[in-house]
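Single-structure report; data block below.
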Amino acid sequence: MSSTPLPDTLLPDLIAAALKAGADAAEAVSAQRQSLSVGVRNGALEDVEREESRDLGLRVFVGRRQATVSASDLSDATRARLVERAVAMAKLAPEDPYAGLADETLLARGPHPDLDQYDPAERSAAQLQAAAAEGEAAALAVPGV
């Protein structure tokens, strides 16, 4: 995965572009994932898969109409098309009396509690293979499995 950090202005710029394109309000989100999985069958390595991705999501509101779009290509051209598509889709969407962003006064303000949802440990393929083999052996030791 690209170790290049996303620019701090990426999401604010995307929202500003959506507003300029005709949205009344917008919100944007980015996600970055990295995973490594190892499969073991009958004590032997079956497969190793690695996945890395970066994604961008944009939700826009035009009146009480909304649309959500996403992309994994973060280039300038793709972001421009993303904004254009989101606003065009929102204009065609049915009205929803409940659509809209929460009022600013209802938003949570920091400091936010640490929910401990991130594990910084990176296990190697060999460590994952050993753990998978151990798990498989434990399961196979159960009568009837």
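Its first residue numbered 12, the sequence shown is counted upward by one per residue in this note's numbering. Ideal Cβ placement from N, Cα and C applies to all residues, glycine included.
In angstroms with no decimal places, state the Cα-to-Cα distance between residue i and residue j.
| i | j | result |
| --- | --- | --- |
| P122 | T116 | 16 angstroms |
| A29 | D19 | 17 angstroms |
| L151 | S48 | 21 angstroms |
The alpha helix (DSSP H) spanning residue i covers which residue range?
| i | result |
| --- | --- |
| R76 | It is not in any alpha helix (DSSP H) - R76 instead sits in the beta strand (DSSP E) that spans 76-82. |
| L21 | 21-31 |
Quick check on DSSP: helix, strand or coil for residue i?
| i | result |
| --- | --- |
| L67 | strand |
| E156 | Rather than Glu, the amino acid found at residue 156 in this sequence is Val. Coil at V156, not helix or strand. |
| A119 | coil |
| R90 | helix |
| A55 | strand |
| E145 | helix |
Got a sec, what are the start and stop residues for the beta strand (DSSP E) residue i sits in?
| i | result |
| --- | --- |
| A45 | In the sequence as presented, Ala is not what sits at residue 45; that position holds Gln. Here the beta strand (DSSP E) through Q45 covers 36-52. |
May I ask you to list the residues that DSSP assigns as paired with residue i?
| i | result |
| --- | --- |
| E95 | The partner list for E95 (beta bridge, DSSP) is empty, contrary to what the question assumes. |
Cβ contact (3+ pairs, closer than 8 angstroms) linking the segment 123-134 and the segment 36-43: Counting Cβ pairs under 8 angstroms, fewer than three are found: no touch.
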